[in-house]
Amino acid sequence: MDIIHRTSDGISIIMIKGNMSADAIEHARSEIEGIVAVDGTELLLDLKEVEFIDSAGIGAIVYMVKRCRRSGGTVKIANVQGQVRDVFRMAGLDKALDIYTSIDTALESYPAPKRDILTGHIAGPILKKG
Amino acid sequence: MKRESILIVEDDPNFRLLLEYNLGKQYQITHAVNGIQALELLRKITPDLIISDIMMPEMDGYALKEALRNKTRTDAMPFMFITAMGTSDDRKRGLTLGIDDYLVKPVERETLLSRVRQILDRAKIYKQSFFEDLKTGYVRQNCGGTTLMQNGFNLHFRILPADVASGDYVEVFNYSDGSSIVILGDIAGKGMKAKYFSSTYWAYLKTVFHIYLKNCGALASGIGQLNNLLCDDSSLEDIFTTLICFRLGKDRNRIVSVNAGHLPVLWWRSSEGTLELIEDRGPLLGLDEGAVFPEIETLIGQDDRFIIVSDGVLEATNKDGVLYGIERLQEAVRRNGSLDPEALTQTLLDGVSDFRDLTPADDDVTVMVISRP
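Those sequence lines, one after another, are chains P and R.
Per my numbering, the first sequence starts with residue 299, numbered consecutively.
Per my numbering, the second sequence starts with residue 80, numbered consecutively.
The following block contains the structure:
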């Protein structure tokens, strides 16, 4: 399983490639923890390249959602299809999570970026030290 | 069987090739050319052993071991130096860092293989004894049985744990008004954190089912309370649980159920010989505070069966990587639904086992049958 990370207007877009199975999740644990380590992270997961997910993969998504929400951030998910969609439905995640049909529709659901009038910078997540 | 893995950290390409050649037949090898690269790799992999040189550019072996000691996940990872630095001070410095062995180049092949094997065997023995200790504290004893409920329903279940401590569980609460609540649940997650969650979860679950439901009676409301308790507990971040529960009352024509993220109930209708899925459900527990869980009332007939399985059944895979899946399960129930609950349970479990053949199980497998005699 590979994780590709990019940022767009303060949103962390994570594309996961490969199966989200127990072994893959175990190996990616540090990377997953790093993704949600920053308080207030606005996280968008792209599951277009995920063909299979088991309970360990669900656990990883649950962890990211809970961690982000607890620190004031949000998690949205795009491109849930095939077996992944079936598992999400069985676990009731289709009702509990914000799921979108594409990255573009997910990005449109965010409020317009807040731009600093003086610097033109977009406000990002708050970095807390310690 | 999965091969043990070794990460070789060595900047000399010739020596690295020599190590890979000698170890590669028995172990899965990954390599890095210095400590920085090794740390980057260790974010993604968890080798069974790290073999490192000491003198390397950018980050030497000492600094690498120090960095690993500062992280909980890598602190106890088996680690050995193979180095040209052979003074007693060099060796002492290495040993104070908590390494498992220190070999000085050149190293004989037999010595290398023997020392690597010793470290890996020691680590394996430690892990096994650790989990044996864990087993006495956490393993659940109720792996199966048949119970004639106080209200006349028949309950039969079998749990085949994949690990020393099963995440799947079945629990029965009997109340003085003659009703009972039967629960089948699955606590996901492995390792110590999952076992800690299991203890915490049980405390919440028993509180809700002994106190709240005893007095208030509304099953969906009770599950909602349990969900909110789990959502509030920040120590349970990467663990989740699903459950399905059934209230069996004095009226044997009715079963009330609430499903929190679990698989659907397979309802075998005896009089018609047909199978129906009861799919209404709320989300898994501990994710969405304030989540609503639908309460389903089913009017069941004589000899009808409710068949409930854990995800270990559907996710069982064969040697070709094919999943057992819901369709196979439905077909198996259609063929065998008229069997008595104990025979039905065993037949379904045998079907999963035959499908999997020799492929090892990596999750618990549970089948439960509630029937109305």
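We put the beta carbon where it would ideally sit given N, CA and C, even for glycine.
If you check the CB distance, Met159 (chain R) and Asp180 (chain R) come in under 8 Å. With respect to chain P, the C-beta atom of Phe319 (chain R) has a partner C-beta closer than 8 Å. With a threshold of 16 other beta carbon atoms within 10 Å, Met134 (chain R) falls short and is exposed. Look at Ala335 (chain P): its C-beta is not under 8 Å from any C-beta on chain R. Legend: CB atoms of the segment 365 to 399 of chain R lying less than 7 Å from CB atoms of chain P belong to residues Leu366, Asp367, Ala370, Asp390, Glu394.
By the CB criterion at 8 Å, Gly338 (chain P) and Gly371 (chain P) fall inside the cutoff. Here Gln107 (chain R) is bridged, per DSSP, to R:Ser84. Ranked by Cα distance from His289 (chain R), the first of R:Val195, R:Leu305, R:Val388, R:Ser277 is R:Leu305.
In summary, Ala395 (chain R) is buried, with 16 or more beta-carbon neighbours lying within 10 Å of its beta-carbon over all protein chains present.
Using a Cβ-Cβ cut-off of 8 Å, Val363 (chain P) counts as an interface residue toward chain R, since at least one Cβ of chain R sits closer than that to its own.
Put simply, the backbone Cα of Glu355 (chain R) is about 12 Å away from that of Ile379 (chain R). Put simply, the CB of Ser313 (chain R) is near chain P, with a gap under 8 Å to one of its CB atoms. Contact note: Ala267 (chain R) reaches chain P through Ser353, Ala354, Ile356, Gly357, Val360, using a C-beta cutoff of 9 Å and chain order. Using a Cβ distance threshold of 8 Å, Thr109 (chain R) and Pro126 (chain R) count as a contacting pair. The beta strand (DSSP E) runs lying completely inside the segment 104 to 165 of chain R and spanning 3 residues or more are 107 to 111, 128 to 131, 158 to 162, given in chain order.
For the pair of segments examined, the segment 279 to 288 of chain R was found not to touch the segment 341 to 355 of chain R: the number of CB pairs separated by less than 8 Å stays below three. Looking at P:Cys366, P:Phe386, P:Ala389, the one whose alpha-carbon comes closest to that of Ser313 (chain R) is P:Cys366.
Listed in chain order, the non-local C-beta contacts of Asp90 (chain R) below 7 Å within the same chain comprise Val112, Asn113, Asp132, Met135, Pro136, local neighbours out to five positions each way being set aside. Not a single CB atom of chain R sits nearer than 8 Å to the CB of Lys374 (chain P). Contact with chain R is absent for Arg383 (chain P), since none of that chain's Cβ atoms lies less than 8 Å from the residue's Cβ. DSSP places Glu340 (chain P) inside the beta strand (DSSP E), whose first and last residues are 340 to 347. Taking a Cβ-Cβ threshold of 7 Å, the residues of chain R close to Lys393 (chain P) are Pro362, in chain order.
Gly361 (chain R) carries a strand assignment under DSSP once its states are collapsed to helix, strand and coil. Put simply, the segment 362 to 379 of chain R does not touch the segment 398 to 406 of chain R. Fewer than three CB pairs are less than 8 Å apart. Beta-bridge pairing by DSSP links Tyr248 (chain R) to R:Gly264. Going by beta carbons, Phe252 (chain R) and Thr445 (chain R) fall outside the 8 Å limit. Relative to the Cα of Arg348 (chain R), the nearest Cα in the group R:Arg413, R:Thr321, R:Lys285, R:Phe94 belongs to R:Arg413. Met318 (chain P) does not reach chain R, its nearest Cβ partner there being about 12 Å away, counting only Cβ pairs nearer than 9 Å. About 7 Å separates the Cβ atoms of Ser450 (chain R) and Asp383 (chain R), confirming a contact at the 8 Å cut-off.
Using a Cβ distance threshold of 8 Å, Leu345 (chain P) and Ile375 (chain P) count as a contacting pair. Distance from the CA of Arg368 (chain P) to the CA of Gly365 (chain R), rounded to the nearest whole angstrom, comes to 12 Å. The beta-bridge partner set that DSSP reports for Gly223 (chain R) consists of R:Arg237.
DSSP assignment within the segment 365 to 437 of chain R yields the following whole beta strand (DSSP E) runs of 3 residues or more, N-terminal first: 374 to 378, 384 to 388.
Using a Cβ-Cβ cut-off of 8 Å, Leu342 (chain R) counts as an interface residue toward chain P, since at least one Cβ of chain P sits closer than that to its own.
When C-alpha distances from Met447 (chain R) are compared across R:Gly301, R:Phe319, R:Leu363, R:Ile262, the shortest belongs to R:Ile262. For Glu329 (chain P), the residues of chain R that pass the 9 Å Cβ criterion are Arg122, Lys123, in the order they occur in the chain.
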